[in-house]
Every structure is written in C-alpha cells, then in structure tokens.
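Structure first, commentary second.
Numbering (our numbering), first residue to last: 7 to 390.
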C-alpha cells in the first residue's frame, strides 16, 4: 500500500475563511493506480478551477486492492466507515478495474453522498482518452460528494464524465448502500465497456507469455519452409482459402486456451455479466493470438526469403516467382505453426493466460477478500 499527496495546504493555513477538504483516492493496483498517479499532482488546481475556488483542496492517493463481498461488489458503506477515519479523509473516491453494470447498462460510477464515498469503474471509460475521461469523472464525483460542503459549480459537468460521444445519465441503484449510479446510455456505452475491459486485459502481453506455443509454431512453420510439397500447396491455394485457414488456426488456438485453462465462465449468476466476461476473454485472447500469429508470419517470411533461393523455388513451382509467392508460403506455414502452437500452449504458465480473463481475476480477488475478512474476524474474536 502507498499514499501520495500533500499533508498541508498553504491556502488552508493562511486563510481561515477557506475550509480544507481532503479527498482520498483509493485505487486498485495496476491500471487504476497508474492512471490516477498521473492526475493526482494537478487535481487540486483543477478542483479549484472547475468545482469551487472557495475551498482549500487537498488530494491524497492510496493504492490497495478493494475488497469484495460474496456477491463480487465493493461494499462502499463499510469501506467509508473504515478509510475515512483511518486516513483523515473528508471524501473518498475509489477507482477500480472491475466492470460495473445494472442489468445490461454499463456503470461509470456509483455514489453515496450521505456517506461521502463514490466508486469509479475504469473499464467504462473505454479504450482511448482514458486519462482525460477519468480526470473529468473524478472532478464530477468530487463535486457531487462535496456539494453540501463547497457549493459553487459542483456537479455541473456531468456530460464530461461520459465523454463527447457517449452520454451518461443518473439511474436508481437497488443497492441500499448506493444512492444513484452514473450509467452509459445505449449500445455505444456497452461497446465502450467491452473495449475498456479488453484494454485492461492487455492482450498483447500474451505474446511473450505464449513462448512455448510460439516455439512449437516456429518448429511447424519451419517444416513448411523446407518441404517442397508445402510450397506447391501454398501456390495452389487462393487468397480466400488462405484467409479461411488462418482464421481457423487462430480460432483453434483461442478455443484451446479457453478450454484447457478453464477460462469460460459458466452461467450461474447474472447472465449479462457472464456474457460480458466471456466476450471480453474471447476478444482479448483473439487479439493476443493474432499478435502471436503476426510475429510468427514475419519470422517465417524472413526465414523463407533467406533459405529458399528464388530460382530453385521457380523450378519447383513451374513458373517465375516473386515476393507474393514467398508471402503465400509464409502465410500457409504460419497457419500450420499456429495449429501446432495450440497444442504447445497447454504447457504455458497459467498466469500468462489468466491475466486476459476477468472472471479468473475476480474469483481470485473474492478469495483474497474472503480470507481477509476471516482473518479480521479471527483477530477481533481473539481480541475479545
């Protein structure tokens, strides 16, 4: 855990007419903490400019995993009761990488004004402009939470929290701890939530993580480079058929990774949540495997162009050859290598694949939260 921020605010000390308001930003490790850390130094000035200049703002930040209850939700009321007196914060804004939904409606933030706490969901901010959208969301939430304390312009920039092209609206939340939720509107909001989840999964990290699969793929692709029968087959196949083969190879590897590592979330609780998590895992793995396929293609093409002399290839194929012939050969060989890599991926370190699956990460966080609660209850019972 870490905390950053200023312990004193000169304006608060020099001018008694300006009350000091301390806002604590409690962030999940990883992307939430990384993004917030780039904003925290400038946030006090932006709060003064956009919310109220009659307050001495002080912003502090801590990084720690937000605990979950048995239903996979962040218990805001309990969190507020713990962290506000512990750290001396007046208002609390939590930032998480967990997606939030009400039925099928993506949620940008949950807020409880009477408890002085809000929860912002980073995936709902989409793929691009996340830093700007999070800054606008934090400013808006701080204004809403502090409306009774600061007055002024608090809470008037709600549209900026959603972004230019995806409007937001307040919706009633059935959770007793949450008064209202700030939700995205329409199908664009659902697509933005999915895109944000895929971004948070960082599927490109699968490329180095799938080193064993890539090794098996290189070995199979080398077979295509050195055997003339593969040359003739690649020459005979159409672009459409080569495209179909490559898509089938990528799909086979994605299906194998999901099945072997048990990444498919079974339907048991919320159907909407299950569909969202499974779709995010499929898209993330597809991007990761496609990136691996591209690496394999580039290496295979370089190998084929280096090893196979053009005159010898022309005699084997029975016609003059050019760059396109090497590309089609590398294309087919890469698809063969990807099929082989699907089997090789069964030997991978599971962590390399789990990082691309929200369902596994959430279950692991629930387990840690349950252990933390049990340890706290055991400590309290031992103390009594």
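All residues carry an ideal CB built from backbone N, CA and C; glycine is no exception. Bear in mind that the values here come from a model prediction, so they are computed numbers and not experimental data.
Check, Outcome
"Quick check for students: name the residue ranges of the beta strand (DSSP E) that lie wholly in the region 52–127, counting only runs of 3 or more.", "62–69, 97–102, 111–118 and 123–127"
"Have a look at 337, 198 and 204 and flag the residue whose alpha-carbon is nearest the alpha-carbon of residue 256.", "337"
"Would residue 99 pass as a contact of residue 124 if the rule is Cβ separation under 8 Å?", "yes"
"What separation, rounded to the nearest whole angstrom, lies between the Cα atoms of residue 308 and residue 290?", "28 Å"
"With distances taken from CA atoms, which of 213, 195 and 144 is nearest residue 110?", "195"
"What is the DSSP secondary structure of residue 134, counted as helix, strand or coil?", "coil"
"Give every residue of the same chain whose Cβ lies closer than 8 Å to the Cβ of residue 223, excluding the five residues on either side of it in the sequence, and list them in chain order.", "298, 302, 340, 343, 344, 346, 347 and 350"
"Identify whether residue 247 lies in helix, strand or coil by the three-state DSSP scheme.", "helix"
"Would you mind working out which of 246, 233, 64 and 128 sits nearest residue 188, comparing C-alpha positions?", "128"
"What residue range does the beta strand (DSSP E) around residue 174 cover?", "174–178"
"If I measure Cβ to Cβ from residue 296 and keep anything under 8 Å in the same chain, skipping five residues before and after, which residues do I get?", "256"
"What is the DSSP secondary structure of residue 273, reduced to helix, strand or coil?", "coil"
"Consult DSSP for residue 417 and reduce its assignment to one of helix, strand or coil.", "No answer is possible for residue 417: the residues shown for the chain start at 7 and end at 390."
"Out of 293, 312, 251 and 191, state which residue places its alpha-carbon closest to the alpha-carbon of residue 232.", "312"
"Per DSSP, which one or two residues make a beta bridge with residue 189?", "113 and 175"
"Compare the Cα-Cα distances from residue 26 to each of 280, 271 and 59 and report the closest residue.", "59"
"Are the C-beta of residue 152 and some C-beta of chain C separated by less than 8 Å?", "The structure shown contains no chain C; it is built from a single protein chain."
"If contacts are defined as beta-carbon pairs under 8 Å, then residue 105 and residue 203 qualify, I think. What distance do you get, rounded to the angstrom?", "6 Å"
"By the DSSP assignment, the alpha helix (DSSP H) with residue 237 in it spans what residues?", "234–242"
"Sort out for me which residues DSSP pairs residue 32 with in a bridge.", "68 and 100"
"Mind checking which residues open and close the alpha helix (DSSP H) that includes residue 213?", "212–215"
"Have a look at residue 12 and residue 42 and give me their C-alpha separation to the nearest angstrom.", "With a pLDDT of only 46 at residue 12, under the threshold of 50, the placement of this residue in the model should not be trusted; the figure read from the coordinates follows. Answer to the nearest angstrom: the Cα atoms are 15 Å apart."
"Nearest to residue 116 by alpha carbon, out of 83, 264, 277 and 238?", "83"
"Using the C-alpha atoms, what's the distance from residue 227 back to residue 145?", "53 Å"
"Assuming contact is defined by CB atoms lying nearer than 8 Å, are residue 241 and residue 333 in contact in what I supplied?", "no"
"Can you tell me the Cβ-Cβ gap for residue 284 and residue 270, rounded? I've got them flagged as a contact below 8 Å.", "6 Å"
"Take every Cβ of the region 28–46, pair it with every Cβ of the region 84–97, and state whether three or more of those distances are shorter than 8 Å.", "yes"
"Is residue 121 closer than 8 Å to residue 86 when the C-beta atoms are compared?", "yes"
"Rounded to the nearest angstrom, what separates residue 250 and residue 237 at their Cα positions?", "18 Å"
"Classify residue 439 as buried or exposed, calling it buried when 16 or more other Cβ atoms lie within 10 Å of its own Cβ.", "The chain is shown from 7 up to 390; residue 439 falls before or after that span and cannot be answered."
"Do you know how far the Cα of residue 126 is from the Cα of residue 114?", "6 Å"
"Pull up the distance between the alpha-carbon of residue 34 and that of residue 102, whole angstroms please.", "5 Å"
"According to DSSP, is residue 208 part of a helix, a strand, or is it coil?", "coil"
"Roughly how many angstroms lie between the CA atoms of residue 179 and residue 118, to the nearest whole one?", "10 Å"
"What do you reckon, are the CB atoms on residue 199 and residue 112 nearer than 8 Å?", "yes"
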